[in-house]
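2 protein chains.
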Amino acid sequence: MATIFDIAKKAGVSITTVSRALNGYSDVNENTRQMIVQIAEDLKYYPNAAARSLQGKKTNTIAFAPLLNDHLEAEPFFKEFTGVLALASFKHDLSLLVTLVGQNRNLQEIYRELAGTGRVDGVILADIKPQDERIPLLQSLKMPFVAFGRSIDYDRLTYPFVDVDGKAGVAKVVAYLHSTGHHRIAYLAESFTLAYARDRYEGYRQGLKEAGLVEDTRLLALNLQNEESVATALKPMLDLPEAERPTAIVAGNDYLALHLLEVLPKFGFTAGREPGQIAVTGFDDLPFASFLQPALTTLRQPITSTCTVLLDLLVAIIKNQDKPASLLNSGPGLTLFGPKQVLLQPELIVRASA
Amino acid sequence: MATIFDIAKKAGVSITTVSRALNGYSDVNENTRQMIVQIAEDLKYYPNAAARSLQGKKTNTIAFAPLLNDHLEAEPFFKEFTGVLALASFKHDLSLLVTLVGQNRNLQEIYRELAGTGRVDGVILADIKPQDERIPLLQSLKMPFVAFGRSIDYDRLTYPFVDVDGKAGVAKVVAYLHSTGHHRIAYLAESFTLAYARDRYEGYRQGLKEAGLVEDTRLLALNLQNEESVATALKPMLDLPEAERPTAIVAGNDYLALHLLEVLPKFGFTAGREPGQIAVTGFDDLPFASFLQPALTTLRQPITSTCTVLLDLLVAIIKNQDKPASLLNSGPGLTLFGPKQVLLQPELIVRASA
DNA sequence: CTTGACAACCAAAACGTTTTGGGTAATAAT
DNA sequence: ATTATTACCCAAAACGTTTTGGTTGTCAAG
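Going line by line, the protein sequences match chains A and B.
Residues 676 to 1029 (this note's numbering) make up the first sequence, in order.
Residues 676 to 1029 (this note's numbering) make up the second sequence, in order.
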C-alpha cells in the first residue's frame, strides 16, 4: 500500500504538504493540491486508519456490544436489531463494530477497551441493567454513547437514551384485556436482571389499577425463563377454583408466551379469545409470533425507529450538536423524555390469542 | 486512559520491559512481570488498538461489507446473515466490522480502504458477481478473505469460498415438481448481476434435462425484480392455450415467489398443489415464506452452517493453518469442492404452495 | 528602502505501541 | 584467568498519520 511518503516523494513536496493538501487546508497552492490529488489517485492511496486514529481523528465507526445471555432466546431480537442498526449506520456513513459480550469476560474490560483504544467514535449500549456499571464508566471515559433502555430511577437519568415504553405497553394490553371482559389477569415475568423486565411488570400493576382491578399474588409468577419454569409456575394458578382462575395471561415477552402456548394444552386448557379459552399475550412481536397456534397477540417493538433515533442522537453527540433534526418535534408515539432522551411506544398487535 | 509509559514510570522499568512482560516474553523476570501485571490492573490499562495495529499486530476484527442493492428485498436475508455472522465471530473471539456498501461509492475504494488501512485481519465477501473485481483486488493486497458465493468458471476458482449449491437445489425442486406430475414448469429469474442467480437458472435447465423435459422459452422469464415486472412476464405464459400453459412456476428467490402469489389471482389463477392450481416454489426460505397464502414451498439456505464454515476457513487462513477442524470430513450436505472451498446443500422445504 | 502582510511550504514532534539490536552482570565452562 | 553462556533489561527505531510552530519569498504600503 502506498503511504503519504510515497506521494510526497513523487510530488517533490513534504509529507506535511501532502497531508494538508488532502485534508483541504487552505495553505497549499491550488496547483500543488491538484497534482497531489492526482498522484494519490494514481497510487491508489488511502490513509491508514490506525495511524489516523492514533492522532485522535475520527474513525467513522461506532460500536455495538450487546450482552449475550445464556439462554439464547434473545437471538431473534438481537439479529433484527443488529441488522437494522447496520442499515441506520449506513445512512450516516458509519461502520458498525459488533462485539458480542459473553459472561466469560468482565463487562468493564470490554467497554474500557472499546473506549480507550481509539477504535470507535461512539457506543450504542443495549441490555441495560437496573444499575448499569457501563454508564458511569463511559461517562468517566468521556466516550459518547446512547443507551437503548433505561436504568432505574427514571426521573434522575442524566444520560442520553432511547427506550420503548414497556410500562405503558403492558398497561395498554391489560386495558385491552379488561375491555374484552377479563377480570382475572395473570402476569408471567422474566428475571429482573435487565431493566426492561421490571418496567413491563410495573405496567401490569398500573394496568390493573387503572382498570380498577386488584392485584392477586396468586396470579403472579416471577423469574421465569424456560418451559419448565413456566409449567411449574402455571400449575397452582390453573388449579384454582374456576371462579378464581385467571381468564387471561400476560407474558412479559414472546418467549414466555410461546412456552405458555405449549404448556396450556398439557393442563387441559386451550389458548384463545373465545369463551372458555384462556387469553394469552406477549411482548416484542418476534418473527415467530404470528406463526404460533393461535397467532400471538403482542406488543411490537418499533425497532426501525428505535435505531434511527439512536443513531441520530449518537451522531449529534459525537459532533457536539444540540439536537438531531429528526427529533425537533415529537412525532406520533415519540415522547421527548428529556434532552436527548426519547421514549417510543410499542404497538398493540391483536391476533387470535387474545 | 493509562498508557504503557504510566506503567513503566510506576514500575521503574522501561516501556520495552512493560510491553514484553505483558506480551508474555521470556526475557523478563517473573517478579518483575508480576509487579507489572499488577500495576497494569490497578491502572486499568488496555493497550491502544490503533497503536497496536500500526505496528502490524492483529486487530481481532474481521470485516463484512455486503452490497446494498437498490431494491431492499435482500434485507431480511442480510439481517439474518449479519446476525449469524456476528454470533459465529463471537465464538472465535473476533469482532465484526459491518460496513454497508451503497452504489454511491466505488467498490474498489471501500475494499482498498479496508485492506490497506489496518483495521481488520480478514474479510468476508458476499454478493459475489460473475466476475468480481474484489477478488483479484484482495488477492493482490494479500488480505485474507473468504467469499460467500462463487464467480463463474467454477473449475478454475483458486480462492477460498463457501457457497450454497443453488444449481443442485433448483434441480432438486424441478425433480420434485416432475415427480408430482408436472410437465410444464416455468422459471422466473432475477437479474443475473449476482453470480448465484445464473447458478440457480442453470439448475432449472439441468433439472429439466434430468427429468427428460425440453426447455420452452415461452416458459422462461428473465431479469425480473418487482411485482410489475412479474406481472408483465407472466401474462403471455398464462395466455397460452391450456395444454401449453405452465402447471408449475419455479421462482429464483422468495421475493419473486411472493410477487407471483400476489399476481396469480389477478389473472384468475390460484396457487397451490391441488389439481387445477398452479404450483409455486421459491428459494431462500426467508422468514415470511411460511406466512404466505399458501405457505411457500422453497429451498432453505443453511445460514448457520454457512457462517460457521466461513469463519472457520477465514480464521485458518489468517493463522496460516491448513484446514479448520470443522472441515476434516465432509459432513452431510457439505462437499469439499477444493482446498478451502466448500459447497453446502440447500434443504427442500415442502409447504402448501407446491 | 524598510516594514508588514500574506501565500506557500516544511521539519520536527506527537500519538502509543512493538521490535530490533543491543548492553550488563552474574554464573559456568575451559 | 579468560571465555561462553545466560538472565534480565533497555534505547532507539519503526509503524503512518496530523499538528505545531515555524521559515522563506513576494508584493504592497509607508
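C-beta atoms are modelled at their ideal positions from N, C-alpha and C, and glycine is treated no differently.
Residue-chain proximity (residue i, chain A), Cβ-Cβ < 8 Å
i	result
A724 (chain B)	yes
M676 (chain B)	yes
R975 (chain B)	no
F753 (chain B)	yes
S854 (chain B)	no
K994 (chain B)	no
K884 (chain B)	no
V770 (chain B)	For the record, residue 770 (chain B) in the displayed sequence is Ser; it is not Val. At least one chain A Cβ lies under 8 Å of S770 (chain B).
L971 (chain B)	no
S815 (chain B)	no
A763 (chain B)	no
Spatial neighbours of residue i in its chain, beta-carbon cut-off 8 Å, leaving aside the 5 residues before and after
i	result
P962 (chain B)	P751, E755
D768 (chain A)	N735
S764 (chain B)	I737, S770, L771, L986
8 Å Cβ cutoff, residue i in contact with chain B
i	result
T979 (chain A)	no
T774 (chain A)	yes
T757 (chain A)	yes
E788 (chain A)	yes
G793 (chain A)	yes
P811 (chain A)	no
P999 (chain A)	no
F966 (chain A)	yes
A1027 (chain A)	no
L961 (chain A)	no
Y930 (chain A)	no
S728 (chain A)	yes
Residue j beta carbon less than 8 Å from that of residue i
i	j	result
V984 (chain B)	V1017 (chain B)	yes
Y829 (chain A)	V849 (chain A)	no
A926 (chain A)	G957 (chain A)	yes
L742 (chain A)	D802 (chain A)	yes
L771 (chain B)	I810 (chain B)	no
Q783 (chain A)	L812 (chain A)	yes
L974 (chain A)	V955 (chain A)	no
Q976 (chain B)	P940 (chain B)	no
L931 (chain B)	V905 (chain B)	yes
P805 (chain A)	A864 (chain A)	no
L909 (chain B)	R893 (chain B)	no
G882 (chain A)	A846 (chain A)	yes
L971 (chain A)	F942 (chain A)	no
Cβ-based neighbour list, residue i, same chain, cut-off 7 Å, excluding 5 preceding and 5 following
i	result
S866 (chain B)	A872, N898, Q900
L718 (chain B)	A677, D681, I682
S980 (chain A)	L1019
Residue i versus the options, residue with shortest Cα-Cα distance
i	options	result
A686 (chain B)	B:T956, B:I714, B:P977, B:D702	B:I714
D838 (chain B)	B:S815, B:R831, B:V849, B:R825	B:R825
H858 (chain A)	A:A923, A:R787, A:T736	A:A923
F823 (chain B)	B:L986, B:K994, B:A1029, B:T1010	B:L986
N723 (chain B)	A:G957, A:P977, A:P916, A:S728	A:S728
V1025 (chain A)	A:G777, A:G947, A:N704	A:G947
M676 (chain A)	A:A843, A:Y720, A:K804	A:Y720
Q730 (chain A)	B:T734, B:A725, B:L742	B:A725
F836 (chain A)	A:G1013, A:G791, A:A1027, A:P1021	A:G1013
A1029 (chain B)	B:L852, B:G943, B:A932	B:L852
T707 (chain B)	B:E716, B:D959, B:V693	B:V693
Q968 (chain B)	B:K910, B:A1027, B:E949	B:A1027
L933 (chain A)	A:F966, A:I690, A:F753, A:R920	A:F966
Q778 (chain A)	A:L762, A:S815, A:A740, A:L769	A:A740
I992 (chain A)	A:V688, A:Y700, A:Q709, A:D796	A:D796
G791 (chain A)	B:L769, B:K994, B:T792, B:I679	B:I679
F820 (chain A)	A:D959, A:R787, A:K766, A:A843	A:R787
R794 (chain A)	A:L832, A:A763, A:R831, A:K733	A:K733
Bridge partners - residue i, DSSP secondary structure assignment
i	result
V1017 (chain A)	A:V837, A:L1011
G797 (chain A)	A:I737
A822 (chain B)	B:L800, B:F836
Y862 (chain A)	A:L895, A:V925
L772 (chain B)	A:L772, B:A738
T692 (chain B)	Paired residues: none, contrary to the question.
Sequence-distant residues of the same chain with beta carbon closer than 6 Å to residue i, five excluded per side
i	result
L895 (chain A)	Y862
T1010 (chain B)	L1018
K766 (chain A)	none
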